[in-house]
Amino acid sequence: MRKLTAVVCLLGAMILPAHAAEVAVLDWRAALMNTQSAQASMSTLEGQIGNQQREAQNLGNELQQLQQRLQNEGETMAQSQRESLISELQEKGSRFEQLRQEVMQAQQRSEQQFLESAEPKLEQAVEQVLERHGIDVLVEPQGVLHSGVDLPNVTDEVTQIFDTLN
21 MRKLTAVVCL LGAMILPAHA AEVAVLDWRA ALMNTQSAQA SMSTLEGQIG
71 NQQREAQNLG NELQQLQQRL QNEGETMAQS QRESLISELQ EKGSRFEQLR
121 QEVMQAQQRS EQQFLESAEP KLEQAVEQVL ERHGIDVLVE PQGVLHSGVD
171 LPNVTDEVTQ IFDTLN
């Protein structure tokens, strides 16, 4: 009787399909950055800091030209001319660094504000996709070292759902 029970249990275990977790890939950064909200946020930011970025780019070009001039002609310049050029380099370098810092801070603030406002909608979109496809495990593309099968990528679907949420 014990042998029969053991055989029945063994057969039952072999017949039952192994329950595998449904796994999918989500690049949440790409999903967010491709949303209409992100595009609007970037356009707003560009409007706010566009002038500063252009000024910084122009200053960067001027600084390169001044440095090149100082290297090429510095030894043959009069002392007062060289000092004037160095002073101009320092002033423009300071302004360039100030602009660079302002632009970086504005970008970081804008990104932080967007992420904070988008997080609930992203979570809601992800939950809808998980439920729709019966997904148990969601991984980032960079987190998959090896997979014997192509894992479904739900990034675009999350973006589409995000855009429909109000």
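FYI, the numbering for the sequence shown is 21 to 186, going by my numbering. Yeah, the Cβ is synthetic: ideal placement off N, Cα and C, and Gly gets one too. Remember, it's a predicted structure, so these values are computed and weren't measured experimentally.
Under a Cβ-count criterion, where at least 16 other Cβ atoms within 10 Å of its own Cβ denotes burial, should residue 14 be classed as buried or exposed?
In the structure displayed, the chain extends from 21 to 186; residue 14 sits before or after that span and is not available.
Burial state of residue 64 (16 or more Cβ within 10 Å):
exposed
Suppose the cutoff is 6 Å on Cβ atoms and the five residues either side in sequence are ignored; what does the same chain contact list for residue 141 look like?
So the list reads 182, 185, once near-sequence residues are dropped.
Excluding five sequence neighbours on each side, which residues of the same chain lie with their C-beta closer than 6 Å to the C-beta of residue 134?
61
Assigned exposure category for residue 69 - 16 Cβ within 10 Å defines buried:
buried
Mind checking which residues open and close the beta strand (DSSP E) that includes residue 44?
43-45
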